[in-house]
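Quick notes on the structure that follows.
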Amino acid sequence: MGIKVILDKCTGCKLCLKSCPYNAISISEKKAVIGSSCTLCGFCVEACKLEAIVIEKEEAKAADIADYSGVWVFAEQRWGRIAPVVYELLGEGRKLADALETRLSAALLGENVKEKASDLITHGADEVYLVESKFLESYLDDAYSRVIVDMVREHKPSILLMGATAIGRSLAPKVAAMLETGLTADCTALEIDTEKKLLLQTRPAFGGNIMATIICPNRRPQIATVRPRVMKRASRNEKKRGEIIEKKMKPEDLSSRTRVLDFVEDLTEKVKLEEADIIVSGGRGLGGPENFKLVEELADVLEAAVGASRATVDAGWIPYSHQVGQTGKTVCPKLYIACGISGAIQHLAGMQTSDVIVAVNKDPEAPIFQVATYGIVGDLFEVIPALTAKFKEMLGG
Amino acid sequence: MEIIVCIKQVPGTTEVKIDPATNTLIREGVESIINPFDTYALEEGLRMKERWGGKVTTITMGPPQAEKALREAIAMGIDEGVLLSDRAFAGADTLATSYALFRAIEKIGSYDLIICGKQTMDGDTGQVGPELAERLGTPFVTYVKKVEEVNDGHIKVERMIEDGYEVVEMPLPGLITVVKEINEPRLPSLRGMMKAKSAEITIWTASDLGVDTSKVGLAGSPTQVVRIFAPERSRKSEILQGDVSSQVDQLVKKLREAKIV
Ligand SMILES: Cc1cc2nc3c(=O)[nH]c(=O)nc-3n(C[C@H](O)[C@H](O)[C@H](O)COP(=O)(O)OP(=O)(O)OC[C@H]3O[C@@H](n4cnc5c(N)ncnc54)[C@H](O)[C@@H]3O)c2cc1C
Ligand SMILES: Nc1ncnc2c1ncn2[C@@H]1O[C@H](COP(=O)(O)O)[C@@H](O)[C@H]1O
């Protein structure tokens, strides 16, 4: 167990040293030496061109992996509305199930949500496990995790997918810990290694600077949360048939220790960032809080949401709920218009997967232009009002 | 109140990136910092202590130099720091991390509230908090943006969700993970820094925790990283030329052709 430098292969080239995010490697007598701050993250193993560094891990094969099959999607809903990400999970889940030649199932929990089950089937599910109870009306960690774990133990799915939403990011780790299995957060790509029948889970790490592909070879199910608006939505097929399997739970198994006393809707966001097709974002280039109205006017014409860089949020120009980036929201709209944003890596981490990016910045060297589909080098105080006027004219506002 | 704050030392991420040409990681003089989200957890712990009395202990699992993170926490005002450090802990994924933290908290014994950050900058998962709560058998609330009150063995908090926030009540002991909105972390005080210099840090190894080594570190991690690569930046960039009105015209035309507007 542990990390080893194969001295015969190591030439002291220092590639590993440069790759180590934890500063743990030094070179002594032309050989790499791995120090105590090593976290076994594996970056050096990747970096080494000579295969001179290995991490050894004993393969403890759990015996019952073969008993698990099928792909499950957690059909998150609130107030009877299925979360948009669920349709994306069904689209992706279908592909995975087909690659594994297995079934795609959805788990639907709630109160009076039965009619949604057929909707999940027309979007690709072969079967829907339905659990209805007044104790499941709104999401609670204890009750929901209990039901999911119960069903997983009974039906043994090989893969379980959830949306990387506030609910999914709470439920998934609780379920994973209860089942003592692996969980990969916030995936942006999923694939099947058909030979090994493993789920390849790819996700950004280090604030989006690095992509990592992760597997869970020896435990089941393989659980992943998937970032909303990255996968393609399942298309609707009215002819698709499937089975609805109702399951009853005893009320005493659905008790929860936490209680939701109230819900307060955020009304400052006219259009929700995560769900918007178009986002207009402002940065420090706006010069002051009063100039956010330029961004808002353009957003209004386009029925877009308003985003912001951290610098403007920190300066108190706009509430945090608008912040896009590593420490803010991750968005993936069809169009992202960045006004006066330099494009620091932490900001890019939250928006660089947008379909089309437009950048308006007066500094031609600004890094935002490296990710922009279309760049306008110019003064936003001229460009943005001109754009707003043009769109108004075109859209007949 | 007995409060335990879990923090992690992370590389300042700004400096970590992949060289697309060689597909290797480039690091320039990375300085380790306390995971930014965990500074909000520390601050909240301190504020709760100031309001309701008690003690704040900080735990971190990491290599020996993670001790520095604990000293920084002490400089902010934390009472005590515990470092979990052992080669056996290295390579831990969230499940293995939560197991080691769980055993350490059991060893500490009593607590009312555990506070974690929303997520770390390197792992970026936000899973350790809920997994830790599950192992301890306590309830938890994620994405807390405000602690409203602690009363009669219960805590009332505001939990941020996509379209607003929920007011949630949880019995203690319990665990919360906090978001940036919750507070403004304080800077270390001069007195704090003096105290931090000489403070005694408790260090626990795997055998101090009496853990089954197959459950910690790499051995106890069900997930494995199989590949690391640079994110694709295949986007073709086009800088629009001409004066403002011509640039605007070109842009609108292109967006229209692409059926975006
Ligand atoms: C741990 C960590 C996490 C972070 N998380 C985030 C995050 O989630 N989101 C985020 O956004 N940032 C984040 N940051 C901060 C990030 O590093 C940058 O500081 C921030 O994004 C900069 O914001 P900005 O682009 O608005 O400001 P600046 O960098 O100051 O850029 C302003 C830009 O406006 C341009 N400009 C000025 N005037 C005009 C004009 N009249 N017309 C046109 N252009 C003009 C300038 O050329 C410049 O490029 C994080 C930082 C750290 C360390
Ligand atoms: N090694 C660690 N030691 C102590 N606390 C940790 C550690 N890793 C994660 N945490 C806590 O768990 C939170 C979520 O981490 P993560 O799941 O890695 O994103 C962090 O903000 C910390 O509060």
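Residue numbers (my numbering), protein chains in the order written: chain A, -3 to 393; chain B, 337 to 597.
The beta carbon of each residue, even a glycine, is placed where N, CA and C say it ideally should be.
query                                                                                                                                 : result
Candidates A:D310, A:V29, A:S350, A:S32, of which the one nearest P519 (chain B) by Cα                                                : Looking at the sequence shown, residue 519 (chain B) is not Pro but Asn. Among A:D310, A:V29, A:S350, A:S32, the Cα nearest to that of N519 (chain B) belongs to A:D310.
C452 (chain B) beta carbon near ligand 2 (any heavy atom closer than 6 Å)                                                             : yes
Y140 (chain A) - containing alpha helix (DSSP H), residue span                                                                        : 137 to 151
Cβ-Cβ distance between I510 (chain B) and P466 (chain B) below 7 Å                                                                    : Position check: residue 510 (chain B) holds Gly in this sequence, whereas Ile was assumed. Against a cut-off of 7 Å, the Cβ pair of P466 (chain B) and G510 (chain B) comes out as no contact.
Beta carbon proximity, R522 (chain B) to chain A, threshold 7 Å                                                                       : no
Chain B within 7 Å of R216 (chain A), Cβ atoms only                                                                                   : no
Sequence-distant residues of its chain with Cβ nearer than 6 Å to Y18 (chain A) (five each side left out)                             : S33, T35
Short CB-CB distance (under 7 Å) between Y370 (chain A) and chain B                                                                   : yes
Beta carbon proximity, D262 (chain A) to chain B, threshold 7 Å                                                                       : yes
Which of helix, strand or coil DSSP assigns to Q322 (chain A)                                                                         : coil
Range of the contiguous alpha helix (DSSP H) that encloses E42 (chain A)                                                              : 39 to 43
Chain-ordered chain A contacts of E517 (chain B) [CB-CB under 7 Å]                                                                    : Y316
Cut-off 8 Å between Cβ atoms - residues of its own chain near K228 (chain A), not counting five sequence neighbours on either side    : E84, G87, E88
Simplified DSSP assignment, three categories, for G473 (chain B)                                                                      : coil
L263 (chain A) burial status per 10 Å Cβ neighbour count (16 or more: buried)                                                         : exposed
Validate contact between the segment 133 to 147 of chain A and the segment 199 to 207 of chain A using beta carbons, cut 8 Å, 3 pairs : no
Chain A contacts from the segment 493 to 511 of chain B (Cβ-Cβ distance under 9 Å)                                                    : E494, R495, M496, I497, E498, D499, G500, Y501, E502, V503, V504, E505, M506, P507, G510
Within chain B, partners of V379 (chain A) - CB distance below 8 Å                                                                    : V580, Q583, V584
Endpoints, the alpha helix (DSSP H) within which R255 (chain A) is located                                                            : Looking at the DSSP string, R255 (chain A) is not in any alpha helix (DSSP H); the run it does join, the beta strand (DSSP E), is 255 to 261.
Proximity winner among A:E191, A:V291, A:L196, A:K192, relative to A181 (chain A) (alpha-carbon distances)                            : A:L196
Cβ shell of A172 (chain A) (< 8 Å), same chain only, five flanking positions each side left out                                       : G178, L179, I219
Three-state secondary structure (DSSP) of C342 (chain B)                                                                              : strand
Secondary structure of T513 (chain B), DSSP reduced to three states                                                                   : strand
Neighbourhood of A469 (chain B) by C-beta distance below 6 Å, restricted to the same chain and skipping five residues each side       : F476, L511
Rounded straight-line distance, which links the Cα of P521 (chain B) to that of E367 (chain B)                                        : 20 Å
Outcome for M530 (chain B) when other beta-carbon atoms lying within 10 angstroms are tallied against a minimum of 16                 : exposed
Cβ-Cβ separation, I155 (chain A) to P217 (chain A) (assumed contact under 8 Å), whole Å                                               : 6 Å
D422 (chain B) Cβ short of 6 Å to ligand 2 heavy atom set                                                                             : no
Contact list for the segment 474 to 487 of chain B against chain A, Cβ threshold 8 Å                                                  : P475, F476, V477, T478, Y479
Below-7 Å beta-carbon distance, D258 (chain A) vs any chain B residue                                                                 : yes
Cα-Cα separation between E25 (chain A) and S557 (chain B), rounded to whole angstroms                                                 : 34 Å
Whole-number beta carbon distance between V552 (chain B) and I211 (chain A), since they are thought to touch under 8 Å                : Wrong, their Cβ atoms sit about 20 Å apart, outside the cutoff.
Segment contact flag, the segment 374 to 390 of chain B with the segment 449 to 458 of chain B, C-beta cutoff 8 Å, min 3 pairs        : yes
7 Å Cβ cut-off: residues of chain A touching R471 (chain B)                                                                           : A173
Ligand 1 site residues, beta-carbon cut 5 Å against heavy atoms                                                                       : A:G279, A:R280, A:G281, A:S305, A:R306, A:A307, A:G321, A:Q322, A:T323, A:G324, A:G336, A:I337, A:S338, A:A340, A:Q342, A:H343, A:N357, A:K358, A:D359, A:A362, A:D375, A:L376, B:P372
Per DSSP, the bridge partner or partners of R74 (chain A)                                                                             : A:R77
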